[in-house]
Amino acid sequence: MKARSYLTLIFILTILLLSSPSSHAKKKNNKHKPCKQLVLFFHDIIYNGHNKANATSTIVASPEGSNRTILAGEFHFGNVAVFDDPITVDNDLHSPPVGRAQGMYFYDTKNTYTAWLGFSFSLNSTEYQGSINFVGADPLMNRTRDISIVGGTGDFFMHRGVATVMTDAYEGEVYFRLRVDMKFYECW
Amino acid sequence: MKARSYLTLIFILTILLLSSPSSHAKKKNNKHKPCKQLVLFFHDIIYNGHNKANATSTIVASPEGSNRTILAGEFHFGNVAVFDDPITVDNDLHSPPVGRAQGMYFYDTKNTYTAWLGFSFSLNSTEYQGSINFVGADPLMNRTRDISIVGGTGDFFMHRGVATVMTDAYEGEVYFRLRVDMKFYECW
Amino acid sequence: MKARSYLTLIFILTILLLSSPSSHAKKKNNKHKPCKQLVLFFHDIIYNGHNKANATSTIVASPEGSNRTILAGEFHFGNVAVFDDPITVDNDLHSPPVGRAQGMYFYDTKNTYTAWLGFSFSLNSTEYQGSINFVGADPLMNRTRDISIVGGTGDFFMHRGVATVMTDAYEGEVYFRLRVDMKFYECW
């Protein structure tokens, strides 16, 4: 009986040892299930020389031969825009903003539409306080695109994850709306 | 005999507990205590057309209608600056630099002062060799702001953390000094 | 008495199990051996006003007094280039590309050649599908430079690592080729 209970004990301890990669504060998840998930929208109105009051973004750099009020030819290759876009919880531009999406995007392919994104969500709502930092390639012509969530602060302290971006609306070259489906896999 | 088996059990459990932060090389910490901490300062003197010799940063992009020697109106919205700033261990610009803060900042709100930062510390001192990479939103008007440390090399190999940035001095629109309080939570 | 000691044991084991946030999908490695490794090359041909058809990158921003077809003086300090460069598995520009390196680099020292990099590999080959996101300082005059891999998607989902960059060829100021030796230490 003693022997058997010892065997049972050793068996349980072995299981524990094998399965116990330890005591982090960081919460992680099996099989890549997110530990936190959040869907938000942001709205970009680019300055075109005639919409100063409404514009939320502006071209700040462009290749030789182009200007900063008209997106350049060659699929806007080389256009850099800085933005300060309202974030909403639904797809309505006029919903009360829960924060600002701020950063830059630039067009970076000569024969199709792609962009590179470096920006942050600064959230300031009853539900969330803090920032989320994004970096990644955005091949605009794909229905969904994945970019990296490389860090966060406040409620998103040290978080990492993947954000699936979707163009939810696109009106000429003045307005677009992005749906950002954030899945965090490191939550702390 | 009972007593002895209990002692054995407690011994095994103790070993388990002590050895169970498992097998990563990465050192992490419960309750979000940093595994490494470091405070440094960096100093930015922006080029204004008259200070070429001393300037450590320069405006490289700006919205239509503005130039690259005067920060634009509307809270500098759309101004992009590239910088190469000395890093010091105290708040004295003339202390021996321990490295360079290099990267960019750009102003990204139309109705207040905020910036987005993408830069690196390249450290080259007796104490530290290596680089630290930062990304994040900097709402300048807040006394302290948190940005993400997204990676590092050398002595900061694979590190992640949060840096609390504080404007330590601000002289007109030519000089500012930032205090950067780095807390690393993933140290390897 | 037996029963009670068993209960105690089960209680302790339960505590242990609950406190062992454990069993990640993430694969990590002792002693900093990479869990994945990959060497790729990319090729940059900068637009100089005369090579529109072949150019893969273009100057989009520069300090006051310079233009966007000639890299500026002072070690190109303040020049920002956006690129869309083919990636190959060997050092031959004409090998079939396995993806595109897209993003930006900018020169950020006044008295030597250094750059700051923010870019992505978008891979689309039989071997790899997905993106890898890079951020970091590139002191060009060093034979090898380490930058951070801050995230990835697809086959590189949530990956982190360090990339060692090497200038494999440099022809005047028009063409350069970088060898990128990626070592991933977080593989998921």
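Protein chains in written order, with the working numbering: chain E, 1 to 188; chain L, 1001 to 1188; chain X, 2001 to 2188. Virtual Cβ for every residue (Gly too), placed ideally from N, Cα, C.
{"query": "Burial state of Arg2143/X, where buried means 16 or more other Cβ atoms lie within 10 Å", "result": "exposed"}
{"query": "Minimum Cβ-Cβ distance from Ser1131/L to chain X less than 7 Å", "result": "yes"}
{"query": "Exposed unless 16 or more other CB atoms sit within 10 angstroms - verdict on Lys31/E", "result": "exposed"}
{"query": "Which listed residue (Val2080/X, Gly2151/X and Asp2108/X) has its alpha carbon closest to that of Ala163/E", "result": "Gly2151/X"}
{"query": "Cα-Cα separation, Tyr105/E to Arg2100/X", "result": "17 Å"}
{"query": "CB contact check: Val82/E to chain X, cutoff 7 Å", "result": "no"}
{"query": "Short Cβ contact (7 Å threshold) for Asp108/E with Gln2102/X", "result": "yes"}
{"query": "CB of Arg2068/X within 7 Å of CB of Glu74/E, strictly", "result": "no"}
{"query": "Closest Cα partner of Ser2095/X within the set Thr2153/X, His2076/X, Leu2040/X and Lys2033/X", "result": "Leu2040/X"}
{"query": "Inter-residue Cα distance where the pair is Glu1171/L and His1043/L", "result": "11 Å"}
{"query": "Contact set for Ser2020/X: own chain, Cβ-Cβ below 6 Å, skip 5 residues either direction", "result": "Low per-residue confidence applies at Ser2020/X: pLDDT is 43, beneath 50, and the placement is therefore not dependable, though the value from the model is reported in the following sentence. There are no such residues."}
{"query": "Beta-carbon proximity of Leu78/E to Ser62/E, cut-off 7 Å", "result": "Correcting the residue type first, residue 78/E is Gly in the shown sequence and not Leu. Cβ distance < 7 Å, so Gly78/E and Ser62/E count as in contact."}
{"query": "Every unbroken alpha helix (DSSP H) within the stretch 1147-1185 of chain L, with a cutoff of 4 residues, ordered by chain", "result": "none"}
{"query": "Amino acids of chain L, ordered along the chain, whose beta-carbon sits closer than 8 Å to that of Ala61/E", "result": "Val1060, Ala1061 and Val1080"}
{"query": "Simplified DSSP assignment, three categories, for His2076/X", "result": "helix"}
{"query": "For Tyr47/E and Ala81/E, the rounded distance between their alpha carbons", "result": "10 Å"}
{"query": "Members of the stretch 109-130 of chain E that neighbour chain X once the beta carbon cut-off is set at 7 Å", "result": "Thr109, Lys110, Thr114, Trp116 and Gly118"}
{"query": "Exposure label - Asp85/E; buried when at least 16 CB within 10 Å", "result": "buried"}
{"query": "Exposure of Met158/E, with buried meaning 16 or more beta-carbon neighbours within 10 Å", "result": "buried"}
{"query": "Environment of Ala1092/L [buried if 16+ CB atoms lie within 10 Å]", "result": "Going by the sequence as given, residue 1092/L is Asp instead of Ala. So Asp1092/L ends up on the exposed side."}
{"query": "Per-residue burial, Lys2183/X [other beta carbons within 10 Å of its own, 16 or more giving buried]", "result": "buried"}
{"query": "For His2043/X, three-class secondary structure by DSSP", "result": "strand"}
{"query": "Sub-7 Å separation of Gly2147/X and Phe2134/X beta-carbons", "result": "With the sequence shown as reference, residue 2147/X is identified as Ile, and Gly is not the correct amino acid for it. Going by C-beta atoms, Ile2147/X is nearer than 7 Å to Phe2134/X."}
{"query": "Sequence-distant residues of its chain with Cβ nearer than 6 Å to Gly118/E (five each side left out)", "result": "Gly103, Met104 and Val135"}
{"query": "Ala2072/X, buried or exposed, once every other Cβ within 10 Å from all chains shown has been counted against 16", "result": "buried"}
{"query": "Whole-angstrom distance between Ser2057/X and Lys110/E, CA atom to CA atom", "result": "9 Å"}
{"query": "C-alpha distance - Arg177/E paired with Val1089/L, whole-angstrom precision", "result": "44 Å"}
{"query": "Chain L within 7 Å of Arg68/E, Cβ atoms only", "result": "yes"}
{"query": "Interface flag, Val2165/X vs chain L, CB-CB below 7 Å", "result": "no"}
{"query": "Environment of Ala2169/X [buried if 16+ CB atoms lie within 10 Å]", "result": "exposed"}
{"query": "Cβ neighbour criterion (16 or more within 10 Å) applied to Ser2120/X", "result": "buried"}
{"query": "DSSP-derived helix/strand/coil call for Lys1036/L", "result": "strand"}
{"query": "Under 8 Å by beta carbon: chain X residues contacting Pro139/E", "result": "Ser2122"}
{"query": "Neighbourhood of Tyr175/E by C-beta distance below 6 Å, restricted to the same chain and skipping five residues each side", "result": "Ile45"}
{"query": "Asn124/E - partner residues in DSSP beta bridges", "result": "Gln129/E"}
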